[in-house]
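K.L.:
What follows is a single structure, and I will ask about it in a moment.
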Amino acid sequence: MPSPPAPDVAPDVAGLAAELDKTRYALPGTLSRRFMRCGKANCRCKADPPALHGPYFHWTRTIAGKTVSRTLSADQAARYQPWFDNARQFRERLSDLETRSLHAFDEAERPD
Ligand SMILES: [Zn+2]
Numbered sequence: 169m170p171s172p173p174a175p176d177v178a179p180d181v182a183g184l185a186a187e188l189d190k191t192r193y194a195l196p197g198t199l200s201r202r203f204m205r206c207g208k209a210n211c212r213c214k215a216d217p218p219a220l221h222g223p224y225f226h227w228t229r230t231i232a233g234k235t236v237s238r239t240l241s242a243d244q245a246a247r248y249q250p251w252f253d254n255a256r257q258f259r260e261r262l263s264d265l266e267t268r269s270l271h272a273f274d275e276a277e278r279p280d
């Protein structure tokens, strides 16, 4: 039986767990910043070059399989941006950890 691949992965797990422990907030979904055109015919957003409306901040996430969007004010977007950043960073690190763990699994469990 091959030795477990844990030594390669364990320090990352400990670091991630320590950071999770320190992080108080993480919001799911994505916060996007958009400029838009309106429906008025003679508006500045139809000029050349166009002066679009916004920015508008949309928080989009999936709840029970459905995409749900909520508009945030500029103040709210600024206030909660770090919470979105926290969640995104943890997702990226978890994804890296999963990829490395899959490689470790494949190495350890390779048929002879
Ligand atoms: Zn307009």
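Residue 233 in the working numbering sits at position 65 of the sequence shown, and the numbers go up by one each step.
Glycine included, every Cβ here is placed at the ideal spot set by N, Cα and C.
These numbers come from a predicted model, not from an experiment.
(1) Roughly how far, in whole angstroms, is the beta-carbon of Met204 from the beta-carbon of Gly222, given that I think they are within contact range, below 8 Å?
(2) Could you say if the region 243–251 and the region 263–276 meet the contact criterion of at least three C-beta pairs nearer than 8 Å?
(3) Taking the alpha-carbon of Asp189 as reference, which of Thr230, Arg247 and Phe258 has the nearest alpha-carbon?
(4) Between the C-alpha atoms of Arg192 and Glu260, what's the straight-line distance to the nearest angstrom?
(5) What does DSSP give as the partner residue(s) for Arg201 in the beta ladder?
P.N.:
If we stick to the structure as given:
(1) 6 Å
(2) no
(3) Phe258
(4) 18 Å
(5) Phe225
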